Amino acid sequence: MSWLVAVVLSAASVEQSAVAAVHERFETAGRSRPADDARLTEAARSLAQLAIEKTAGDAAGLLAVTDAVSIAGGWDASPTAILLKASRETVLEELGKLTSVAAEPASALGIGVAEKGDRVAVCILLAQRKIELAPLARRHPKPPKSVTVCGTLVAPLETAELFVTSPAGAVSRFAMSATSFGHCGTFKPSTGRSVVEVLARGPKGPEVAALFFIDVGASVATADQQIVEPASPAEARRLVFLRINALRKTMGLAPVVLDKALEKIAQRYAEKMAAEGFFAHVDPSGGDLKSRLAAGQYRFSAAGENLGASNGPLAAHFGIEHSPGHRSNLLEPAHRALGLGLATRASDGLTLLVQVLASPIDDGGRDPVGAAYQAIDEHRARKNLKPLKRHAVLEALAQEHARRCLSRDLLSAELSDGRKLHERVFEAMTTSREASIDLAIVESPMLVPASKNLADPRYSAMGLGLARGDSAKYGNDKLWLVVIYASEAAGEDPEKPEHAGAPTR
Numbered sequence: 485m486s487w488l489v490a491v492v493l494s495a496a497s498v499e500q501s502a503v504a505a506v507h508e509r510f511e512t513a514g515r516s517r518p519a520d521d522a523r524l525t526e527a528a529r530s531l532a533q534l535a536i537e538k539t540a541g542d543a544a545g546l547l548a549v550t551d552a553v554s555i556a557g558g559w560d561a562s563p564t565a566i567l568l569k570a571s572r573e574t575v576l577e578e579l580g581k582l583t584s585v586a587a588e589p590a591s592a593l594g595i596g597v598a599e600k601g602d603r604v605a606v607c608i609l610l611a612q613r614k615i616e617l618a619p620l621a622r623r624h625p626k627p628p629k630s631v632t633v634c635g636t637l638v639a640p641l642e643t644a645e646l647f648v649t650s651p652a653g654a655v656s657r658f659a660m661s662a663t664s665f666g667h668c669g670t671f672k673p674s675t676g677r678s679v680v681e682v683l684a685r686g687p688k689g690p691e692v693a694a695l696f697f698i699d700v701g702a703s704v705a706t707a708d709q710q711i712v713e714p715a716s717p718a719e720a721r722r723l724v725f726l727r728i729n730a731l732r733k734t735m736g737l738a739p740v741v742l743d744k745a746l747e748k749i750a751q752r753y754a755e756k757m758a759a760e761g762f763f764a765h766v767d768p769s770g771g772d773l774k775s776r777l778a779a780g781q782y783r784f785s786a787a788g789e790n791l792g793a794s795n796g797p798l799a800a801h802f803g804i805e806h807s808p809g810h811r812s813n814l815l816e817p818a819h820r821a822l823g824l825g826l827a828t829r830a831s832d833g834l835t836l837l838v839q840v841l842a843s844p845i846d847d848g849g850r851d852p853v854g855a856a857y858q859a860i861d862e863h864r865a866r867k868n869l870k871p872l873k874r875h876a877v878l879e880a881l882a883q884e885h886a887r888r889c890l891s892r893d894l895l896s897a898e899l900s901d902g903r904k905l906h907e908r909v910f911e912a913m914t915t916s917r918e919a920s921i922d923l924a925i926v927e928s929p930m931l932v933p934a935s936k937n938l939a940d941p942r943y944s945a946m947g948l949g950l951a952r953g954d955s956a957k958y959g960n961d962k963l964w965l966v967v968i969y970a971s972e973a974a975g976e977d978p979e980k981p982e983h984a985g986a987p988t989r
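As structure tokens, this is what we get:
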């Protein structure tokens, strides 16, 4: 007599096997194994169900992951989501192939399994926890008077701020004060879905410590329904552009402007990635952002690139905005121009979003001196400092010295008679006892050095001079820049210069 034994793997047994496999991988890698977390486990089970009903790609997107974690009462920002789908016979074998699961440290773990027929979906969520939040309601039938977010930061994080993106896309910033309950901040949510983010700071700078949703009003069933994607590429560009500038405004930064040249560069790269089936900042031939900007003959002093992929452009931007590295590009003060590229990948229908931000080199047009003054005013405004007064005497001295430096091919504060430019400043402004000089060779009047002198609150007056010319040392067609900062005694009347013409050669 022969016996036929059938082994049927239950969802619970697959979960247990997956947990054991992940723990073993961390121990092999010499890392502390993450603790099982009930909230992440609940989120992983819902994501596994989404993967079994749709695709693993639908479940692995940051928007879907954040939605699942938020509904489960969690808050971990951008947890690593590993999704796999396999037959019952091969699912354990496929789990054994996940050799890179412990590539990064993690302190919290959630694993969920879903079944449909002979197919099994497994979701592994890993997070390096940065804050322990107190429980709070994520859904409200009507707008509450306020919502308070409290949490204990995980060392070495020390301070935190609260950011809330309203359903309309506006970003608000709230202080989080240290209390006996941890760091706490309060806001009033609007009807719809708000994105709540705790931005913490430590030795490594700002880090997104918590990310979750607050829903007010009629609840919606899926993450796909919670962001209404635009119907056209033009509308997508407009909405992404508005969200970027809303975030920059909250951080006290000047808005970026849409740049047609950057848009062409971004669009070409989005289409290239979609056509050639890759997703990376360096293309298969080795081309990078710098080479793409050069091919587009785009002159810049600073530039950065963000890439996102999701079911739509707003979902792709959501991932970009809440990734620390990508976020730093969005919030770089030097970036003044933006180009957006959109393409659809035929293999899976995902939208590819390319954001190129840059600080274009501008010759200042007909008034380069005025452009340089404007750059200084904008920099001081970002520091919440008052604008400096243009002083006619200081400007004349600065302009004369810029020409002298160019003629001597020497960038120096020393005059031809051996004296320093400071001495002439004090002779011309007898009531001033403090003055500083900045000298630089730049390609654009907008590239005024962001020196400590520029942001020094003691100074109230300034004069700026530019001379354009060729140099054996520094190259051709350069701008020689001299900026004089000085304190202005009460009662002194700085006359405006009669002319603010182009720099002389």
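Each residue of the sequence shown is one higher than the one before, counting from 485 in the numbering used here.
Glycine is no exception: its CB is placed at the ideal position from the N, C-alpha and C atoms.
Since this is a predicted model, take the numbers as computed values, not measurements.
Exposed unless 16 or more other CB atoms sit within 10 angstroms - verdict on residue i
i, result
"residue 662", "exposed"
"residue 911", "exposed"
"residue 753", "buried"
"residue 614", "buried"
"residue 764", "exposed"
"residue 826", "buried"
"residue 706", "Residue confidence for residue 706 is low, a pLDDT of 44 falling below 50, so the modelled location carries little weight and cannot support an answer."
"residue 636", "exposed"
"residue 781", "exposed"
"residue 796", "buried"
"residue 697", "buried"
"residue 1021", "Outside the shown range of the chain (485 to 989) lies residue 1021, about which nothing can therefore be said."
Separation of residue j from residue i, as counted between CA atoms
i, j, result
"residue 467", "residue 646", "The first residue shown for the chain is 485 and the last is 989, placing residue 467 beyond what the model contains."
"residue 699", "residue 859", "42 Å"
"residue 640", "residue 692", "14 Å"
"residue 533", "residue 668", "35 Å"
"residue 550", "residue 562", "7 Å"
"residue 510", "residue 527", "21 Å"
"residue 709", "residue 829", "At residue 709 the pLDDT is 43, less than 50, meaning the model places this residue with poor confidence; the figure from the coordinates comes in the next sentence. Computed Cα separation, rounded: 21 Å."
"residue 544", "residue 565", "6 Å"
"residue 902", "residue 867", "36 Å"
"residue 523", "residue 935", "48 Å"
"residue 612", "residue 803", "18 Å"
"residue 857", "residue 772", "34 Å"
"residue 927", "residue 790", "26 Å"
"residue 642", "residue 686", "6 Å"
"residue 906", "residue 897", "8 Å"
"residue 767", "residue 761", "10 Å"
"residue 502", "residue 576", "8 Å"
Residue i - DSSP class collapsed to helix/strand/coil
i, result
"residue 550", "helix"
"residue 960", "strand"
"residue 530", "helix"
"residue 729", "helix"
"residue 497", "helix"
"residue 632", "strand"
"residue 617", "strand"
"residue 717", "helix"
"residue 811", "helix"
"residue 910", "helix"
"residue 988", "Caution is warranted here: a pLDDT of 48 is assigned to residue 988, below 50, making its placement in the model unreliable, and no coordinate value can be reported."
"residue 744", "helix"
"residue 936", "coil"
"residue 763", "coil"
"residue 539", "coil"
"residue 593", "strand"
"residue 515", "coil"
"residue 459", "Beyond the ends of the chain as shown, which are 485 and 989, falls residue 459; an answer cannot be given."
"residue 953", "strand"
Residues sharing a beta bridge with residue i, DSSP
i, result
"residue 969", "920, 946"
"residue 566", "608"
"residue 841", "788, 822"
"residue 571", "603"
"residue 524", "Answer is none; residue 524 lacks a bridge partner."
"residue 506", "In the DSSP output, where bridge partners are listed per residue, residue 506 has none listed."
"residue 624", "700"
"residue 667", "635, 662"
"residue 676", "700"
"residue 643", "685"
"residue 887", "None; residue 887 has no bridge partner."
Cβ-Cβ separation, residue j to residue i (assumed contact under 8 Å), whole Å
i, j, result
"residue 962", "residue 925", "5 Å"
"residue 950", "residue 853", "6 Å"
"residue 505", "residue 580", "7 Å"
"residue 881", "residue 968", "6 Å"
"residue 895", "residue 946", "Incorrect: roughly 19 Å between the Cβ atoms, too far for contact."
"residue 749", "residue 823", "6 Å"
"residue 840", "residue 746", "5 Å"
Closer than 9 Å to chain D by CB, residue i
i, result
"residue 615", "Looking for chain D here will not work: only one protein chain is present."
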